[in-house]
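Everything on this sheet refers to the single structure shown next.
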């Protein structure tokens, strides 16, 4: 499954998995019982004077190699010093892009807790962290990870204190033990009820996925929704900066996959539909070779009809899933409470238990007929190490004008990829469209992929094009001017263009389209 686009999405399910003996399965987690404060004081110190005198020992040590053990020990001491009086830090459990999570003990409530500490970072990280605290503090539901308190330590570190949940994620349970369709319906109904509470308060989660559903004690009847780190008030766009994509590609609603900023509860409903589809079928609703391919499939394709993979599906559930996964948000249930109410009235029949598989059946094409060519490009800067957001509106408008004569449709995606779908099986028209784009966007790497001789479904075309664009982006960065503006064509389409167009073989299995033959 593709990783979350936003690096500050840290999975509390993975963070909080732990056996009753106090061990965690994260590679950085201690393999012994909780670390006592006295033991932490004995941890090795960094030899660098800058680190020794720094208040923020963690941040400076991160700039050097070989300080990991010292950093862990000193961080324990510093945090215990700051929180001493009520909270005891027992062990570092896991690290996400934005925060570190510790297992600790609340001496006032006499219970084990999870303490989430924000790393010193960007203002946007602080805003998201504080927003997560506000959201959790406003929610009181047994199906949502419980907020205990939060604040700012003496050194300025922001922290959240949450209930500690021993358990496993829905994703892990599905992969390991499998689910019956009835199990899947029951779990999603629980999550929908909890999520409906958030929606009723005007809150949107924005990252619903099996990894963010924790099964307390490993029991399917005790599902809890976790990680509101991307959550916000419906209609509030302030925490989503222009050029930032949020969510996990396989569970994004189409509006998220397009990079739209205004996300409402119906975006969560789509994601929950993806989870429900996966739980009852054993296969993801949307999958692809990379994030761009997954998002393109979400925007352009429907998953296989659930009846094709589960013939015994109740008609009411089939209709509900179809509505939840509708491309237009107006066609979906208005919120998770509506989903919960409908699921409560559906009795799923007994069916075999299925483990989650990464294999996906061929998706159904939406709106482009049985055959189409796809042109992939990035109209802006490309940095694989820092995925950006959608192309700006002016660039998209320019693209639309260029491709209009070819009846092509422009689909900008949240990561900056632009997919242009040219309807029909005529390779020459698609090649002319690609050449027109190259004339207007001279620096953009362009990939043209066709349906091939077997009229491959658009999903396969999308996979091939997204993968080729990824390679083209790297060549653009490391190949310099020679790689800029090149139009790469798949071998089958190149053969269909031969004689009418000038093509060069690059020796690496791909062809470059130069122009019309004289």
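Numbering (the working numbering), first residue to last: 236 to 753.
Using N, Cα and C, we set each Cβ at its ideal position, and we do this for glycine too.
Check, Outcome
"Quick one: Cα of residue 417 to Cα of residue 667, how far?", "51 Å"
"Buried or exposed: which applies to residue 343, given that a residue is buried once 16 or more other Cβ atoms fall within 10 Å of its Cβ?", "exposed"
"For a quick check, are the C-beta atoms of residue 424 and residue 579 less than 8 Å apart?", "yes"
"With a threshold of 16 other CB atoms inside 10 Å of the CB of residue 734, please say whether the residue is buried or exposed.", "exposed"
"Could you compute how far the alpha carbon of residue 654 sits from the alpha carbon of residue 638?", "12 Å"
"By DSSP, does residue 608 sit in helix, in strand, or in coil?", "strand"
"Just to confirm my understanding: we take residue 335, look at its own chain, exclude 5 residues before and 5 after, and list those with CB closer than 7 Å. What are they?", "327, 352 and 354"
"With a threshold of 8 Å on Cβ separation, who are the neighbours of residue 738 within its own chain once the five nearest residues in sequence on each side are excluded?", "724, 729, 732, 746, 747, 748 and 749"
"Smallest Cα separation from residue 741: which of 331, 753 and 726?", "726"
"Beta carbon of residue 610, beta carbon of residue 683: below 8 Å?", "yes"
"From residue 305 to residue 702, what does the alpha carbon distance come to, in whole angstroms?", "With a pLDDT of only 35 at residue 305, under the threshold of 50, the placement of this residue in the model should not be trusted, and no figure is reported."
"Going by DSSP, which residues form a beta bridge with residue 413?", "Paired residue(s): none; residue 413 is not in a bridge."
"Shortest alpha-carbon distance to residue 612 belongs to which of 386, 647, 627 and 451?", "647"
"Restricting to Cα atoms, I'd like to know which of 650, 444 and 341 is closest to residue 397.", "341"
"Suppose the cutoff is 8 Å on Cβ atoms and the five residues either side in sequence are ignored; what does the same chain contact list for residue 452 look like?", "401 and 402"
"Just verifying my parser: in three-state terms, what is the DSSP assignment at residue 518?", "coil"
"Just to confirm, are residue 507 and residue 422 a CB contact at a threshold of 8 Å?", "no"
"Looking only at its own chain, which residues have a Cβ that is under 8 Å from the Cβ of residue 568, when we skip the five neighbours before and after it?", "501, 504, 555, 558, 559, 574 and 577"
"Please report the distance separating the alpha-carbon of residue 633 from that of residue 419.", "45 Å"
"For residue 751, write down the residues that DSSP places opposite it in a beta bridge.", "736"
"What is the rounded straight-line gap between the Cα of residue 751 and the Cα of residue 566?", "44 Å"
"From this set, 540, 450 and 441, which residue's C-alpha is nearest residue 497's C-alpha?", "441"
"Are at least three pairs of beta-carbons, each pair with one atom in the region 377–386 and one in the region 455–464, less than 8 Å apart?", "yes"
"Ends of the beta strand (DSSP E) at residue 393?", "393–398"
"How many angstroms separate the CA atom of residue 518 from the CA atom of residue 524?", "15 Å"
"Look up residue 554 in the DSSP assignment and say whether it is helix, strand or coil.", "helix"
"How long is the line joining the alpha carbons of residue 590 and residue 635, rounded to whole angstroms?", "43 Å"
"What does the Cβ neighbour count give for residue 428, buried or exposed, with the cut at 16 atoms within 10 Å?", "buried"
"Assuming residue 386 is part of the beta strand (DSSP E), what are its boundary residues?", "382–387"
"Let me make sure I understand the geometry here. Which of 662, 644, 661 and 721 has the alpha-carbon closest to that of residue 675?", "721"
"Return the first residue and the last residue of the alpha helix (DSSP H) that residue 491 is part of.", "489–492"
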